[in-house]
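Residue numbers (my numbering): -1 to 109.
Backbone N, C-alpha and C fix where the C-beta goes; we use that ideal spot for every residue, glycine too.
The model shown is predicted, which means the values in this text are computed figures rather than measured ones.
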Amino acid sequence: MPEPKEIAFEALEKMRSERGDDALFPSDEIWTYATSDVPSTRRPGAIGWLHRNGYIARTGKMRHAASEARAGSMTPEYRFQIAGAANPVPQSLEALSGSFEDACEDILRVT
């Protein structure tokens, strides 16, 4: 079975081809394009991997989650990283602190 990050990357590429390079989305929407199931406990790590490796970038805005399980929850909004960008786009302090909070999910609660 592929690793969650591999499934997430394939789902992201499928999403990009269907929605276009300028799409804005919550991270949980990526999983609707996945061809394999990933346990919900392993999903945040895969999304963090996509973010840390420059495949997606936070916009600094919040939006409602797309999945039925998280309906109504506010979550960071993402966009596709600029194709071929050698360095991640600079982030606002709000986006950076949100990335830290995502990385610490289930380990540390930031309030």
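What residue range is occupied by the uninterrupted alpha helix (DSSP H) comprising residue i?
i: M13; result: P2 to R17
Under the three-state reduction of DSSP, which class applies to residue i: helix, strand or coil?
i: G52; result: coil
i: T33; result: coil
Identify, in the order they occur along the chain, each residue of the same chain with its Cβ nearer than 6 angstroms to the Cβ of residue i, setting aside the five sequence neighbours on each side.
i: A64; result: P24, D26 and E27
i: K3; result: A44 and W47
Please list, in chain order, all residues of the same chain as residue i whose beta carbon is under 8 angstroms from its beta carbon, the five residues on each side excluded.
i: T73; result: P24, S25, D26, M60, R61, H62 and A63
i: S38; result: A67
i: A69; result: H62 and A63
Can you name the residues that DSSP bridges to residue i?
i: L91; result: According to DSSP, which records beta bridges pairwise, L91 is partnered with nothing at all.
i: E75; result: P24
Who are the Cβ neighbours of residue i in its own chain at under 7 angstroms, not counting the five residues just before and after it?
i: K12; result: Y31
With respect to the beta strand (DSSP E) encompassing residue i, which residues constitute its N-terminal and C-terminal limits?
i: R68; result: First-last for R68: undefined, no H or E at that position.
i: Y24; result: Looking at the sequence itself, residue 24 is Pro, so the reference to Tyr does not match. L22 to P24 is the extent of the beta strand (DSSP E) around P24.
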